[in-house]
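**Q**
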Amino acid sequence: MKVLVVGSGGREHALCWSLAKSPLCSELYCAPGNAGIASLATCVAVGAEDVEAIANYCGENKIDFVVVGPEGPLVLGLVDRLNALGIKSFGPSAAAAALEGSKGFMKDICAKYDVPTAAYGRFRDTESAKAFIRQQGAPIVVKTDGLAAGKGVIIAETVEAAEQAVDAAMTDAVFGDAGAELVIEEFMTGEEASFFVLTDGLSVLSLLSAQDHKRVGDGDTGLNTGGMGAYAPAPVLTPDLERQVLAEIIKPTIDGLRAEGKPYTGVLYAGLMLTPDGPKLIEYNVRFGDPECQVLMLLLESDILPALIATHDGTLEQAELQWHQETALTVVMAAKGYPGSYSKGDEIRGLTEAGAEEGVVIFHAGTKAGEAGEILANGGRVLNVTARAPDIAKAQARAYVAVDRLDWPGGFCRRDIGWRAIKRG
Numbered sequence: 001m002k003v004l005v006v007g008s009g010g011r012e013h014a015l016c017w018s019l020a021k022s023p024l025c026s027e028l029y030c031a032p033g034n035a036g037i038a039s040l041a042t043c044v045a046v047g048a049e050d051v052e053a054i055a056n057y058c059g060e061n062k063i064d065f066v067v068v069g070p071e072g073p074l075v076l077g078l079v080d081r082l083n084a085l086g087i088k089s090f091g092p093s094a095a096a097a098a099l100e101g102s103k104g105f106m107k108d109i110c111a112k113y114d115v116p117t118a119a120y121g122r123f124r125d126t127e128s129a130k131a132f133i134r135q136q137g138a139p140i141v142v143k144t145d146g147l148a149a150g151k152g153v154i155i156a157e158t159v160e161a162a163e164q165a166v167d168a169a170m171t172d173a174v175f176g177d178a179g180a181e182l183v184i185e186e187f188m189t190g191e192e193a194s195f196f197v198l199t200d201g202l203s204v205l206s207l208l209s210a211q212d213h214k215r216v217g218d219g220d221t222g223l224n225t226g227g228m229g230a231y232a233p234a235p236v237l238t239p240d241l242e243r244q245v246l247a248e249i250i251k252p253t254i255d256g257l258r259a260e261g262k263p264y265t266g267v268l269y270a271g272l273m274l275t276p277d278g279p280k281l282i283e284y285n286v287r288f289g290d291p292e293c294q295v296l297m298l299l300l301e302s303d304i305l306p307a308l309i310a311t312h313d314g315t316l317e318q319a320e321l322q323w324h325q326e327t328a329l330t331v332v333m334a335a336k337g338y339p340g341s342y343s344k345g346d347e348i349r350g351l352t353e354a355g356a357e358e359g360v361v362i363f364h365a366g367t368k369a370g371e372a373g374e375i376l377a378n379g380g381r382v383l384n385v386t387a388r389a390p391d392i393a394k395a396q397a398r399a400y401v402a403v404d405r406l407d408w409p410g411g412f413c414r415r416d417i418g419w420r421a422i423k424r425g
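In UniProt numbering, the protein residues as written are 1 to 425.
1. Smallest Cα separation from residue 414: which of 424, 400, 421, 425?
2. Identify every run of the alpha helix (DSSP H) within the region 90–178, keeping only runs that are complete inside it and at least 4 residues long; order them along the chain.
3. Report the three-state DSSP secondary structure of residue 57 (helix, strand or coil).
4. Closest to residue 18 by CA distance: which of 338, 300, 349 is it?
5. So if DSSP puts residue 212 in a beta bridge, which residue, or which two residues, is it bridged to?
6. Exposed or buried, residue 101, counting other C-beta atoms within 10 Å across all chains shown (16 or more means buried)?
7. Can you tell me whether DSSP reads residue 26 as helix, strand or coil?
8. Are the beta-carbon atoms belonging to residue 229 and residue 212 less than 9 Å from one another?
9. When the distance is taken between beta carbons, is residue 170 closer than 9 Å to residue 179?
10. Residue 407: which of 379, 421, 417, 375 sits nearest, CA to CA?
11. How many Å lie between residue 336 and residue 362 at the Cα?
12. Can you name, in chain order, every residue of its own chain whose Cβ lies under 7 Å from the Cβ of residue 380, other than the five neighbours on each side?
13. Quick check: the region 215–225 against the region 195–203, are at least 3 beta-carbon pairs closer than 8 Å?
14. Measuring straight from C-alpha to C-alpha, what distance separates residue 50 and residue 44?
15. Please classify residue 84 as buried or exposed, where buried requires at least 16 other C-beta atoms within 10 Å of its C-beta.
16. Ordered along the chain, which non-local residues of its own chain (more than five positions away) have a Cβ less than 7 Å from that of residue 35?
17. Measure the alpha-carbon distance for residue 274 versus residue 162 and round it to whole angstroms.
18. Thinking C-beta only, is residue 262 closer than 9 Å to residue 272?
19. Using the rule of at least 16 other Cβ atoms within 10 Å of the residue's Cβ for burial, across every protein chain shown, is residue 345 buried or exposed?
20. When DSSP labels each residue in this structure, what does residue 18 get in the three-state scheme?
21. I need the DSSP call for residue 185, collapsed to helix, strand or coil.
22. Taking only three categories from DSSP, how would you classify residue 319?
23. Tell me which residues share the same chain as residue 13 and place their Cβ nearer than 6 Å to its Cβ, disregarding the 5 neighbours each side in the sequence.
24. Does DSSP put residue 225 in a helix, in a strand, or in coil?
25. Would residue 390 be called buried (16 or more neighbouring beta carbons within 10 Å of its own) or exposed?
26. Touching or not, the region 185–196 and the region 107–121, by the rule of three or more beta carbon pairs under 8 Å?
27. Which residues does DSSP pair with residue 289 in a beta bridge?
28. Report all residues from its chain with a CB closer than 8 Å to the CB of residue 109; omit the five preceding and five following residues, and keep chain order.
29. With C-beta atoms as the reference, is residue 16 less than 9 Å away from residue 24?
30. Could you give the DSSP three-state label for residue 64: helix, strand or coil?
31. Give me whichever residues DSSP pairs with residue 43 in a beta bridge.
32. Express the C-alpha separation of residue 384 and residue 46 in angstroms, rounding to a whole number.
33. For the beta strand (DSSP E) holding residue 82, just list the boundary residues, first then last.
34. Where do the N-terminal and C-terminal ends of the beta strand (DSSP E) with residue 364 fall, by residue?
35. Do you know how far the Cα of residue 70 is from the Cα of residue 288?
36. How far does the alpha helix (DSSP H) with residue 397 in it reach, from first residue to last?
Structure below.
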């Protein structure tokens, strides 16, 4: 098969790394890809959100299967466009992708189908939003309804801070159109975890749990980011809790969307809060997490391509996946200044030496090749140094040995990825 992966980050590098091993994959392409992906796939100079250009490329080059990495093209209807052309793909329709594209839609589905989640309100004007905040008190969570590149969630510690967040989103439009409507939620307490399943709209195939590290600094301090590291599986999500999440959160959502005439196919990523009252849904993502995908792919023993195809064909009930009975951990190397302003173009040396550490794979998240073939930093999150080992402590140790072999003065990372699991023992 000729397979095209859409996207350019570490998630897409991990997907390409896994797909390249499939006996079913004869030719692998990535649009637009990055310098690391270029060693595995033919990179195509088409933007991930250019739906028509991707559709045209697939038709002209007889692509058999498309794996959509990021949420943007899914929300924009790439899967619908490919279906119209008779090209198979992995991911939900635009109608189903609204689970991530509209937080209000997601919350309404949860309310209708009794999925446990935080109490909420939806608002399109500042006064009613602020009245709700004053009624609920703080801490409280203010979210843009639409996609805001991972930045549209504000956890306000005071009523005043929440009201300022409302003004920033609605009056100052700091998030653009994404903030025209807000979802305001109660603040939930507990430990966060992520859980992933594949679905064809009817059957569900569980993958693994993972735990992300969103804050930029050690000890979960500082600004929120797209993710500074992750590990899988997450011991906090026990087998009993996983069964509860499937029964009370995942299955009602998939059944509910089917009942709404918006059947969901692809991967469904549930961001969970493990509260004293049991697991509750924080939010859904309609694609693999980044950097969680990197640790999942490193733990996957099976060929992933047949399972991805089965989500499209409606044959997922027959699919099964085998996993290494180990732990994987990834450390994000970011450009200094991230998640604020940062420079691009620094050369990164030592990649070969870092990748030689046992059990380590380095996925590129924001890189490009220089004129002489050198690897240059080209983003905020730049590298994912990912390690697999028999336990979390060994995986962490291997990852940081590899990190320390890199020669990139313009980069930084957290030094405590996996601390919760290690502390848990």
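Just so you know, even glycine gets a beta-carbon here, dropped at the ideal spot from N, CA and C.
**A** Based on what the coordinates show:
1. Distances from the alpha-carbon of residue 414 to those of 424, 400, 421, 425 put 400 closest.
2. List check, alpha helix (DSSP H) in window: 94–101, 103–112, 126–136, 159–166.
3. In the structure shown, residue 57 sits in a helix (DSSP, three-state: H, G or I).
4. Of 338, 300, 349, the residue nearest in Cα terms is 300.
5. Beta-bridge pairing links residue 212 to 230.
6. Within a 10 Å sphere around the beta-carbon of residue 101 sit 16 or more other beta-carbons, which makes this residue buried.
7. Three-state DSSP puts residue 26 in coil, outside helix and strand.
8. Yes. Within cutoff.
9. Less than 9 Å divides the Cβ of residue 179 from the Cβ of residue 170.
10. Comparing alpha-carbon positions, the option among 379, 421, 417, 375 lying closest to residue 407 turns out to be 375.
11. It is roughly 19 Å from the alpha-carbon of residue 336 to the alpha-carbon of residue 362.
12. Closer than 7 Å at Cβ, skipping near neighbours: 334, 335, 338, 339, 342, 366.
13. At 8 Å Cβ cutoff, the stretches do not touch.
14. Approximately 12 Å between the Cα atoms of the pair.
15. Its Cβ having fewer than 16 others within 10 Å, residue 84 is exposed.
16. The answer, listed in chain order, is 364, 367, 368, 369, 375.
17. In a straight line, the C-alpha of residue 274 is about 24 Å away from that of residue 162.
18. Cβ distance not < 9 Å, so residue 272 and residue 262 don't count as in contact.
19. Exposed.
20. Annotated three-state conformation of residue 18 is helix, per DSSP.
21. Note: residue 185 maps to strand in three-state DSSP.
22. Secondary structure at residue 319: coil, using DSSP grouped into helix, strand and coil.
23. Correct list, in chain order: 36, 37, 363, 364.
24. Residue 225 falls in the coil class under three-state DSSP.
25. Exposed is the label assigned to residue 390, since fewer than 16 other Cβ atoms lie within 10 Å of its Cβ.
26. Because the criterion of three Cβ pairs below 8 Å is met, the region 185–196 and the region 107–121 touch.
27. Beta-bridge pairing links residue 289 to no other residue.
28. Result list for residue 109: 99, 115, 253, 256, 257, 260, in chain order.
29. No, the pair does not count as a contact, with Cβ atoms beyond the cut-off.
30. Reduced to three states, the DSSP call for residue 64 is coil.
31. According to DSSP, residue 43 shares a beta bridge with 30.
32. Counting only the Cα atoms, residue 384 lies some 23 Å from residue 46.
33. No beta strand (DSSP E) holds residue 82; the alpha helix (DSSP H) holding it covers 78–84.
34. Unbroken beta strand (DSSP E) run through residue 364: 360–364.
35. So the alpha carbons of these two residues sit roughly 8 Å apart.
36. Start and end: 392–405.
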